[in-house]
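Residues 856 to 1183 (this note's numbering) make up the sequence shown, in order. The beta carbon of each residue, even a glycine, is placed where N, CA and C say it ideally should be.
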Amino acid sequence: MNDFRFAPDAQRARLIDHRMRTLLGESLEHIADQIRGQISFNEEQLQNIATRLKQGEKYPPSTFAIYTELVKILLAGNFAEAEGLLAELLQEKPVTNTPQIAPLDSPLLARQAERMKQLMGSDPDTEFPITAPSQQVTETFTSRLGETMKLMESTIPELAGEINALISQIIMVVPDSESDYRFDGGSSYMMWGGLFLNALSHENEIALLEVLAHESAHMLLFGFCRDEMLVSNSDDELFPSPLRFDPRPMDGIYHATWVSARMHWAMSQLINSGQLTQPQLELATSHMQADKVNFENGYGVVKQHAKLTPTGRAVMQPARDYMDSVPN
């Protein structure tokens, strides 16, 4: 039976993470069976990666990104390019000391940075307008991130545990100087375990903690819907979003709505911890109030227009119940 409880749970997150990695391992085994004799690849090495994935080893988001591209290429029948992607895949190594923190231009990402950057965008033919931060920005943000995680571990340990289970790599980026696009952070089911954060945003621990709660909640939703989508609306149907100026597909609005409830929960836990300074308390309260407005706005759109699947209904109801329980 699926566990769609609203509050964070580190053990559940570890099980979801293991399941996602197991599914990738099984899919790689299936691919090996299908291409055997048609494409040259080191079968022993591929089986080794598949086995280690099924054992729950934390291969980086780039492994999932290569797999995503590999499937697309194989379906197109481009076996020559697929052979090169398989060779890249076989070079992937598990991440240690997670979550690993690195700027976009880190040697840790090597050749995978451009591919991952491309997958963050909604248009595969348009370059996503993010780039690597300077060394000074990287150092400043890394320090702030460390302080934020300390605050989270002392005030909301269950959220810290969930994040540590779901996020294997935090990738620091900044917006392209020639673009007007605003990017605070993001993740993608095609890069499981990867979290992109704008190192110039989130200038204090409260804002950064909230964005970590935000993006890890998206990752959790990706895990929740591994067997069934949350909504059956077409991606061509666009609706007002509580967190975006532009109209969005219903799946994105559903995500934004549920995530807003999680952000509200995180801010309320911070406020009730008794560990905040007065300025931090005021900031967290302001964020929490905005999260409530965003949830209600999003929920109204979901209630009116969403074609919820059984999974979508089961996931959203605990969030609705939580928001109904908080004081007005």
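Query raised in the report: Counting Cβ pairs closer than 8 Å, one from the region 1122-1132 and one from the region 1082-1099, do we hit at least three?
Result: In short, these stretches do not touch, since the Cβ pair count stays below three.
Query raised in the report: Cβ atoms of M875 and A920: under 9 Å apart, would you say?
Result: no
**Report entry** Reduced DSSP category for G1041 - H, G, I as helix; E, B as strand; rest coil
**Finding:** strand
Query raised in the report: Which value, in whole angstroms, describes the spacing of the CA atoms of Y1177 and Q955?
Result: Their backbone Cα atoms lie some 32 Å apart in a straight line.
**Report entry** C-alpha distance - D888 paired with E898, whole-angstrom precision
**Finding:** Looking at the backbone, the Cα of D888 and that of E898 are separated by about 10 Å.
**Report entry** Nearest residue (CA-CA) to A1015, options A1139, L1000, M1027
**Finding:** L1000
Query raised in the report: Around the C-beta of L930, are 16 or more other C-beta atoms found within 10 angstroms, so that it is buried, or is it exposed?
Result: exposed
Report task. Specify whether the region 1104-1111 and the region 1021-1029 touch according to this definition: at least 3 beta carbon pairs, one from each stretch, less than 8 Å apart. Result -> Judged by Cβ distances under 8 Å, the region 1104-1111 makes no contact with the region 1021-1029, as fewer than three pairs qualify.
Requested in this report: Hey, could you find the ends of the alpha helix (DSSP H) I956 is sitting in?
Outcome: Here I956 belongs to no alpha helix (DSSP H); instead the beta strand (DSSP E) covers 955-958.
Query raised in the report: Roughly how many whole angstroms lie between the Cα atoms of R804 and H1160?
Result: Summary: the structure shown does not reach residue 804, with the chain confined to residues 856 through 1183, and so no result is reported for it.
Query raised in the report: If you pair each beta-carbon of the region 1049-1056 with each one of the region 1017-1026, do three or more pairs fall below 8 Å?
Result: By the C-beta criterion, the region 1049-1056 is judged to be in contact with the region 1017-1026, since at least 3 inter-stretch pairs fall below 8 Å.
Query raised in the report: Would you call G1184 buried or exposed, if buried means 16 or more other Cβ atoms sit within 10 Å of its Cβ?
Result: Only positions 856 to 1183 of the chain appear in this structure, which leaves residue 1184 out of reach.
Query raised in the report: From Q910, G911, E938, pick the residue whose C-alpha is nearest to that of Y922; which is it?
Result: E938
Query raised in the report: Any chance the region 908-918 sits against the region 947-965, with 3 or more Cβ pairs inside 8 Å?
Result: yes
Query raised in the report: Mind checking whether H1057 and H1110 have CB atoms under 9 Å apart?
Result: Taking 9 Å as the Cβ cut-off, H1057 and H1110 do not qualify as a contacting pair.
Report task. Report back the beta-carbon spacing between L959 and A968 to the nearest angstrom; my notes put them in contact at under 8 Å. Result -> 5 Å
Query raised in the report: Going by C-alpha distance, which of T995, L963, R1168, A1174 is nearest S1087?
Result: For S1087, the closest alpha carbon among the candidates T995, L963, R1168, A1174 is that of R1168.
Requested in this report: Could you spell out where the beta strand (DSSP E) holding N1019 opens and where it closes?
Outcome: Taken as a continuous stretch (DSSP letters only), N1019 belongs to no beta strand (DSSP E), being part of the alpha helix (DSSP H) at 1012-1021.
Query raised in the report: Residues bridged to Q1024 by DSSP?
Result: The bridge partners DSSP lists for Q1024 are Q955, G1049.
Query raised in the report: Thinking C-beta only, is L941 closer than 9 Å to L963?
Result: no
Query raised in the report: Which residue's Cα is closest to the Cα of F934: N903, Q902, S895, N857?
Result: S895
Query raised in the report: With distances taken from CA atoms, which of Q991, P916, V1156 is nearest L1093?
Result: V1156
Query raised in the report: For A1054 versus W1120, is the C-beta spacing smaller than 9 Å?
Result: Taking a C-beta distance under 9 Å as the contact criterion, A1054 and W1120 do not qualify as a contact pair.
Requested in this report: Flag this pair as yes or no: are the beta carbons of L945 and L901 separated by less than 9 Å?
Outcome: Cβ atoms of L945 and L901: closer than 9 Å.
Query raised in the report: Is P984 near E1033, with beta carbons less than 9 Å apart?
Result: yes
**Report entry** Contact with chain D by L940, beta-carbon distance below 9 Å
**Finding:** No chain D is part of this structure, which consists of one protein chain only.
Requested in this report: Measure from the alpha carbon of A905 to the alpha carbon of each residue in L883, Q1133, W1113, S917, then state which is nearest.
Outcome: It is L883.
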